[in-house]
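In this note's numbering, the protein residues as written are 195 to 867.
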């Protein structure tokens, strides 16, 4: 699905080799080099996009998969803990009191300093997840900042605990860990090398500015499903507002003449939320019918358009997507390549530099993983590290879920879960996490507890990743001997991006150098370090976070923070000639929230439209568009906007195609400082 030029430029599927460098930045001044930046607020889907890129380019190596497994483990455990805490705050008691012991086991595991699939309490998680009260809590996940991906893992526990468990692409995409460093993927298309930079969310934005110089294209990702959510770090800030503020900020301060792709991510969740008056509450100006997906989405898109003045020569390309879908992400990658592929004067023959920006949890890493997985990227070399991340995702996720239960005054359905929760908490405190230490049985029992599931429904409120459910649902597969991370596991892994991370991706005869940077506020000062020489900037905004708060600032709305971060990027002098891709991520979650009658205008009182996806997403787009404030005589730069759901592999595959086309077509003149 697409909006504007982005959906019209799908081109040849990029192919080639990818080389991953987690830490080093490479400023190669060669002819035909393009620089693309991923932008967006936290949890918008930038990391999912990054994962898609890695999967596309060969997947994750063993070290990465090991890390991802630890992320999945953490997603499951801490997601369940967050669900349990959500249950507590919601005053939900387990349907079966025996779940108390399971919850205790999960909490204990979540406390382990080192998480791995081997320590997952699968039986406990399964029992907890089977508890109707836990599932009821999960319905309130946005309120408690619980990731939607938690359901994916919780529903895959038997698969994850299987002896021969191997992470699927969906597992990889659903694995969630905040981007706390810079990630870069390199794509090669013909003689052009494209570097795609992925950075963390709100806390990481101080790192964004160092990536702005000589940027060619910016991709802004926003999770449209977050229209009724608050930032985890700032409960007063609506996530869509945050995303729009960031979009406007980057347009005004950094990306004045740089082409931009706006990706509207998490469309599936966005659609699911379009019930009742939730969207209109979040976007009071929305005047369409309630529950109308297209009208709500268009409203968000129009809101972003307003942040991008028409007098600018840049073109804003908008695209709707689900970055967890490999096929959809593929179209985005191809579009990026299309934009940055245009010949440029100067060095770096055959190279494209792409910068991934966005606030924390916006989906940058998911997008990058999808991008790489789509290009055949193997994560075998990173298996150990990735399984550690998976373990962390499970344990920390369960701990958060348990903490959410405590806040919600939810008691386990089964009192036996208290012991399981204690085990999870103990495991979560371990200095080193791995699959071997995961309390699978405890996690499974906790996941089956209805109170834990009830808490998970409030995951947004407690900053619990949606990918936590993916790993909780995969505990049996993960615990199985010989388990290897699937592409889905890789995509679902969540790990904060710290600093700047460079990923090299071969696309045809081009090399894409993708820079992934942390999106948390504390990381954003580092962005400027890679601003120079970018061909494309990708900003990812999680639009579903319109009613969520930042983890680091409970007074800040996530979407508003994303918009603020975007504003600083899109108007930066560093990106005057760099195309900007704005990815509005998590559209599925936005849709889901609207369908659940989450009021969009409660977070965005000025919104008067209907509380449906179509109008809300259009409004969000206008908010992002308004952030772009070029000077009267400034040359207009190109913008690309895309609605997406990074965890949707099929949709993301299409998105990857589009993004790839944009990157390939982008010229390399960059920005003049």
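Cβ coordinates follow ideal geometry from the N, Cα and C atoms, glycine included.
- Short of 7 Å from the beta carbon of residue 260, and not among the five residues preceding or following it, lie these beta carbons of its own chain, in chain order: 576, 577, 578, 579, 580, 581 and 582.
- Judged by DSSP in its simplified three-state form, residue 245 adopts helix.
- Rounded to whole angstroms, the gap between the alpha carbons of residue 459 and residue 547 is 22 Å.
- Taking each of 246, 353, 822 and 417 in turn and checking the Cα distance to residue 342, the smallest one comes out for 417.
- Bounds of the alpha helix (DSSP H) holding residue 686 are 681-686.
- Using a Cβ-Cβ distance cut-off of 8 Å, the segment 309-322 and the segment 616-627 are in contact, since at least three pairs of beta carbons, one from each stretch, lie closer than that value.
- In the same chain as residue 289, and ignoring 5 residues on each side of it, the C-beta atoms closer than 6 Å to its own belong to 325, 326, 327, 607 and 644, in chain order.
- Between residue 730 and residue 419, the alpha-carbon positions lie close to 25 Å from each other.
- Taking C-beta atoms as the reference points, residue 457 and residue 776 count as a pair closer than 9 Å.
- Counting C-beta pairs closer than 8 Å gives fewer than three between the segment 249-269 and the segment 755-767, which falls short of the contact rule.
- In the DSSP annotation of this structure, the continuous segment of the alpha helix (DSSP H) that includes residue 301 starts and ends at 293-304.
- For the segment 551-610, the full-length alpha helix (DSSP H) segments reaching 4 residues or more read 558-568 and 577-601 along the chain.
- DSSP places residue 521 in the helix class (H, G or I) of the three-state scheme.
- When only Cα atoms are considered, residue 474 and residue 810 end up about 7 Å apart.
- The closest CA to that of residue 370, considering only 492, 557 and 696, is found on 557.
- Here the C-alpha atom of residue 563 lies approximately 9 Å from the C-alpha atom of residue 251.
- Closest by C-alpha distance to residue 532, out of 773, 786 and 358, is 773.
- Cβ-Cβ distances below 6 Å link residue 667 to 346, 347, 348, 349, 350 and 351 in the same chain, with the five nearest sequence neighbours on each side left out; the list follows chain order.
- Counted as a single uninterrupted DSSP element, the alpha helix (DSSP H) harbouring residue 817 occupies residues 807-819.
- Residue environment: residue 242 is assigned as buried (16 or more neighbouring CB atoms within 10 Å of its CB, all protein chains considered).
- For residue 710, no alpha helix (DSSP H) encloses it; the enclosing beta strand (DSSP E) starts and ends at 704-711.
- If you draw a straight line from the Cα of residue 671 to the Cα of residue 585, it comes to about 13 Å.
- Inter-residue distance for residue 489 and residue 468 is about 11 Å (C-alpha atoms, whole angstroms).
- Per DSSP, residue 477 lies in no beta strand (DSSP E) and is assigned neither H nor E.
- Counting every other CB atom within 10 Å of its CB across the protein chains shown gives residue 749 a total below 16, marking it as exposed.
- Residue state for residue 239 is assigned as strand, using DSSP reduced to three classes.
- Assigned with DSSP and collapsed to three states, residue 728 falls in coil, not helix or strand.
- Approximately 6 Å separates the beta-carbon atoms of residue 593 and residue 301; this is inside 8 Å, confirming the contact.
- As computed with DSSP, residue 378 is found in a beta bridge with 391.
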